[in-house]
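First the structure, in the form of structure tokens, and then the observations on it.
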């Protein structure tokens, strides 16, 4: 279900699913449209721009070796869907809700990339 999404990240392309029946866009990839229940879904390019919907600064690492503090956020894409992601490139105290952000990428060992967001 998620393979096409991950494949797009190899090229640093951010995609969301789009329903052919109603046009609803959604993320995370799934088998059924959250708007109409349809099953004819395809992947569409996203602009990579959005706004911070909510965030938290994490001071206690969830995994050994992770540097703290780091910022976990809900980013509402310009296309509508929300991504749970990290905010990078600024001091944790400089983030705020409704701040415009754009996608940036963290490479993974297998060639895929994680979408993170930074200030616009």
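Residue numbers (this note's numbering): 56 to 175.
Just so it is clear, CB atoms sit at the ideal spot from N, CA and C, and this is done for glycine as well.
As the structure is a prediction and not an experimental result, all values here were calculated from the model.
| query | result |
| --- | --- |
| Hey, could you find the ends of the alpha helix (DSSP H) residue 65 is sitting in? | 58-65 |
| At what residues does the beta strand (DSSP E) containing residue 108 begin and finish? | 104-113 |
| Taking only the alpha-carbon atoms, compute the straight-line gap between residue 163 and residue 57 and give it to the nearest angstrom. | 16 Å |
| Looking at the structure shown, is residue 147 part of a helix, part of a strand, or coil, going by DSSP? | helix |
| Within its chain, find whatever has a CB closer than 8 Å to the CB of residue 63; leave out the 5 residues flanking it on each side and keep chain order. | 69, 70, 98 |
| Is residue 124 helix, strand or coil by DSSP? | coil |
| Enumerate in chain order the residues of its own chain whose CB-to-CB distance from residue 93 is below 6 Å, with the five nearest sequence positions on each side excluded. | 74, 76 |
| Using a Cβ-Cβ cutoff of less than 6 Å, which residues in the same chain neighbour residue 136 once the five nearest sequence positions on both sides are dropped? | 71, 80, 81, 82 |
| Tell me where the beta strand (DSSP E) around residue 99 begins and ends. | 96-100 |
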